[in-house]
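Visitor: Submitted below is the structure of interest, expressed as structure tokens.
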Amino acid sequence: MSVNELAYANLQKTVPASVKIVAVSKLKPVSDVIALYNIGQRDFGENYVQELVDKQAQLPTDIRWHFIGHLQSNKVKYIAPFVHLIHGVDSIKLLKEINKQAVKLNRVINCLLQVHIASEETKFGFDEAALKELGDFASFTHVKILGLMGMASFSNDMSLVRKEFAGLKGLFDQMNQTLDTDNQLTTLSMGMSNDYLIAIEEGCTMIRIGSLIFGARN
Ligand SMILES: *Cc1c(COP(=O)(O)O)cnc(C)c1O
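Residues 601 to 818 in the working numbering are what the sequence shown lists, from first letter to last.
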């Protein structure tokens, strides 16, 4: 499989400029990343720490790497030096570890809090009630919470998917009403190959697109 340049061009045409496209290259070869890089893409998403570390070492340094998978605390240190945005922060324990590694490196690491919006049990993330109780993140001096991330149910029921996305957008707006101007959430990461159009309609600012650009994964 290689890059579907036509699908990518269509995506660029249809997605509003206010929505950032993260190209999800997990399980795809470095050559595919280069092919897309060469036609202008700079934001790439990966799910597995070892794979991300291997690719980052081989690829241009101006790529912005997004970690979109489930991150274990003991692996934060491997990606902390270079990661641009960690989408899947789903516990305070993980946030603490990210902050600790960022302090060591004297950098600030951008994070999104993952919210559990799907009806399925298996998806990681904070639930809404827990998130509202978190309060402020002032003690995490080297973590910048840019926003929220969510994954809708894996379902053909698009009205369910839409409801879940709308719920996340509602939470995002509610949180912004309580946060002061310096800490406003700016990034809402939701939508994948099969539901990104709905995510855009429901107000996301970032979509994570894999198979549509790179073809099906094995
Ligand atoms: C794999 C993955 C994607 C991309 O999925 P596609 O359906 O291939 O677009 C997006 N987000 C997360 C969290 C993923 O794990």
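The beta carbon of each residue, even a glycine, is placed where N, CA and C say it ideally should be. Every value quoted in this text rests on a predicted model; they were computed, and no experiment measured them.
CA-CA distance, residue 748 and residue 714?
Guide: 6 Å
Visitor: Between the C-alpha atoms of residue 731 and residue 652, what's the straight-line distance to the nearest angstrom?
Guide: 28 Å
Visitor: Quick one: any contact between the segment 751–758 and the segment 702–710, if contact means 3 or more CB pairs under 8 Å?
Guide: Result no; under three Cβ-Cβ pairs closer than 8 Å.
Visitor: Could you check how far apart the C-beta atoms of residue 626 and residue 810 are, in whole angstroms? I think they sit under 8 Å.
Guide: 7 Å
Visitor: Using 8 Å as the Cβ pair cut-off and three pairs as the minimum, do the segment 607–626 and the segment 643–652 touch?
Guide: yes
Visitor: Out of 757, 712, 700, 696, point me to the one whose CA is closest to residue 718's CA.
Guide: It is 757 whose Cα lies nearest to the Cα of residue 718.
Visitor: Spatial neighbours of residue 606 within its chain, please: CB distance less than 8 Å, with the 5 preceding and 5 following residues excluded, ordered by chain position.
Guide: none
Visitor: Tell me which residues share the same chain as residue 746 and place their Cβ nearer than 8 Å to its Cβ, disregarding the 5 neighbours each side in the sequence.
Guide: 685, 710, 711, 712, 785, 786, 787
Visitor: With distances taken from CA atoms, which of 673, 703, 633 is nearest residue 654?
Guide: Out of 673, 703, 633, 633 has the C-alpha closest to the C-alpha of residue 654.
Visitor: In its own chain, which residues sit with a C-beta less than 6 Å from the C-beta of residue 796, not counting the 5 before and 5 after it?
Guide: 807
Visitor: Among 671, 777, 700, 619, which one has its Cα closest to the Cα of residue 689?
Guide: Answer by Cα proximity: 671.
Visitor: If you follow the alpha helix (DSSP H) that residue 765 is in, where does it begin and where does it stop?
Guide: 758–778
Visitor: So, under 8 Å CB-CB, residue 649 and residue 675 are touching, yes? Tell me the CB distance rounded to an integer number of Å.
Guide: 4 Å
Visitor: So is the beta-carbon of residue 712 under 7 Å away from any non-hydrogen atom of ligand 2?
Guide: Looking at this structure, you won't find ligand 2 anywhere; what it does contain is ligand 1.
Visitor: Among all the DSSP beta bridges, which residues are the ones paired with residue 713?
Guide: 689, 748
Visitor: On the DSSP bridge list, what partners appear for residue 741?
Guide: Looking at the DSSP assignment, residue 741 forms no beta bridge with any residue, so it has no partner.
Visitor: If we ignore side chains and look at the alpha-carbon of each, how far apart do residue 699 and residue 739 end up?
Guide: Roughly 9 Å between the two C-alpha positions.
Visitor: Are residue 680 and residue 701 closer than 8 Å when you measure CB to CB?
Guide: yes
Visitor: Beta strand (DSSP E) containing residue 620: first to last residue?
Guide: 620–624
Visitor: Quick one: what does DSSP say residue 663 is sitting in, helix, strand or coil?
Guide: coil
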